[in-house]
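Only one structure is covered here, and it is reproduced in the block below.
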Amino acid sequence: MLNKRKQKIGLALGGGGARGLAHIGVLKVFQEENIAISMIAGTSIGSLIGGFFALHLDAEILEKRILPLLKRQEVAGLENFSPPSFTPGKKHLTFPTRIASFLKGLYIYNLRTVKKYLIEADGIYQLIEEIIGTSSFEQTKIPFVAVATDLEKGEEVILNQGQMAEAILASCSIPGIFPPLKLKGRLLMDGGIISSVPVDITRRSGMDMVIAVNLEKKVMGREFKHGLDIMFQADDIRAHELNRLKLIAADIVIEPDVEDVNWAQFSRAEECIIKGEKAARAALPEIRFLISQMQKRPLVKRFLPFLDRKR
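See below:
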């Protein structure tokens, strides 16, 4: 008996701040190519992009809605709170620019050591509400979950009921930048702390295929001039390895070329969207191949492992 039922494709959208705007490009390509997504799980900005798409199933409307809002001061001003990161090209900067970059980084690091957070969440929450509205999870056209982290218990939290805007704010609350959000009796923060790309959640939702969009920066060499540099590199290595282990469960991993984009560089939104489109188009042959293979697979084969265990 051949498997003629519609295949369920789950999409796991990772965090990454401004890099996450590449998700819009990925969704635009899927929509153009009639690749139907059955469920979305999103972390951090992946929850914002994924939440809107789950409500409307229209990436073009999403792009038109979100781009003008990114020019607002509450978004553009985020870059002032982002310490400059080391990149291979940074060594070619002029001496005055490197000095200014160092002083800015030192200022931000000092602020983070004396304050619990740098920015009140009101402005960002208002922005999320303008994008998502007062919609609830129950109003989405396809299942959607936002992923957050319980700061007190160290647990992954799946948010899929009630008002979406609050849940998305919790998923986007970057440690040290925004305050934790008290929601449903739990103190919640950015889902990326535990689940940078929520592949496992998508897999557990009964999907036949899981496509992950990974925006994590690769661990690269940095100038180890201070103890903080070593500490940050060690944390990057830990996060990268945790993410790598989670991505193994995905059938396809799409990685847009946005590594040089800082998490707060929302001014590069259109560039990120284009790179998301490019990465998604490159993955189309593999996606179509896997879909065709699943459609050909006899349903009985899905039960063979169970039957073997019974013998």
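The sequence shown lines up with residues 0 to 310 when you count with numbering that gives the first Met the number 0. All residues carry an ideal CB built from backbone N, CA and C; glycine is no exception. Since this is a predicted model, take the numbers as computed values, not measurements.
Neighbour flag for residue i against chain C, beta carbons, 9 Å
i	result
P255	Going by chain labels, chain C is absent from the structure shown, which holds only one protein chain.
Identity of the residues DSSP links to residue i by a beta bridge
i	result
F136	Its beta-bridge partners do not exist; DSSP assigns none.
Q264	The partner list for Q264 (beta bridge, DSSP) is empty, contrary to what the question assumes.
E155	T148
A40	A11, V144
E211	Here the sequence assigns Ala to residue 211, which means Glu is not the residue at that position. According to DSSP, A211 bridges with A11, V252.
Q162	S135
Cβ-Cβ separation, residue j to residue i (assumed contact under 8 Å), whole Å
i	j	result
V25	A278	7 Å
N261	A75	So it is not a contact: roughly 13 Å between Cβ atoms.
T148	G190	6 Å
V209	L187	Actually they are not in contact, since the Cβ atoms of V209 and L187 sit about 24 Å apart, beyond 8 Å.
Own chain, CB closer than 6 Å to residue i, minus 5 neighbours either side, in chain order
i	result
P142	M38
L20	A268, C271, I272
V252	A211, N213, L246
P255	A21, K274, G275, A278
T133	none
D207	Q6, K7, M293
E62	I23
F265	A17, L69, V74
I122	In the sequence as displayed, the identity of residue 122 is Gly instead of Ile. E73.
Y124	L168
G242	It should be noted that the sequence gives Asn, not Gly, for residue 242. Counting only Cβ-Cβ distances below 6 Å, and skipping sequence neighbours, we find S195, E215.
Cα-Cα separation between residue i and residue j, rounded to whole angstroms
i	j	result
L54	D199	22 Å
I176	L150	14 Å
R185	I65	29 Å
A249	H239	16 Å
T42	G14	5 Å
K152	L180	14 Å
K295	L283	18 Å
D259	E215	11 Å
K140	L56	7 Å
Q72	I286	39 Å
Q162	E78	29 Å
P67	A263	16 Å
L10	K183	26 Å
R202	G45	17 Å
E59	K27	7 Å
P197	A40	6 Å
Y108	A233	Its pLDDT being 48, under 50, Y108 is placed unreliably by the model, and nothing is read from it.
E32	E129	29 Å
S170	V144	10 Å
I34	F52	14 Å
Q335	V146	Outside the displayed span of the chain (0 to 310) sits residue 335, for which this structure offers no information.
S291	L12	23 Å
P174	L158	19 Å
Own chain residues within Cβ distance below 7 Å of residue i, not counting five before or after
i	result
I127	L47, A164, I167, L168
Q160	F136
F29	I36, A279
T86	At T86 the pLDDT is 44, less than 50, meaning the model places this residue with poor confidence; the figure from the coordinates comes in the next sentence. Answer for T86: D259, listed in chain order.
V113	Confidence at V113 is low in this model, with a pLDDT of 47, below 50, so its placement is unreliable and the value that follows should be read with caution. If we look at V113 and ignore the five residues flanking it on each side, it has no Cβ neighbours.
V257	R18, A21, L214, C271, K274
G50	G41, I131, F143, A145, M163, I167
L244	none
Same chain, Cβ closer than 8 Å to residue i, neighbours up to 5 away in sequence not counted
i	result
E154	T148, I193
L289	M208, D250, I251
Legend entry - Start-end ranges of the beta strand (DSSP E) lying completely within the segment 174 to 206, minimum 3 residues: 180 to 182, 185 to 189
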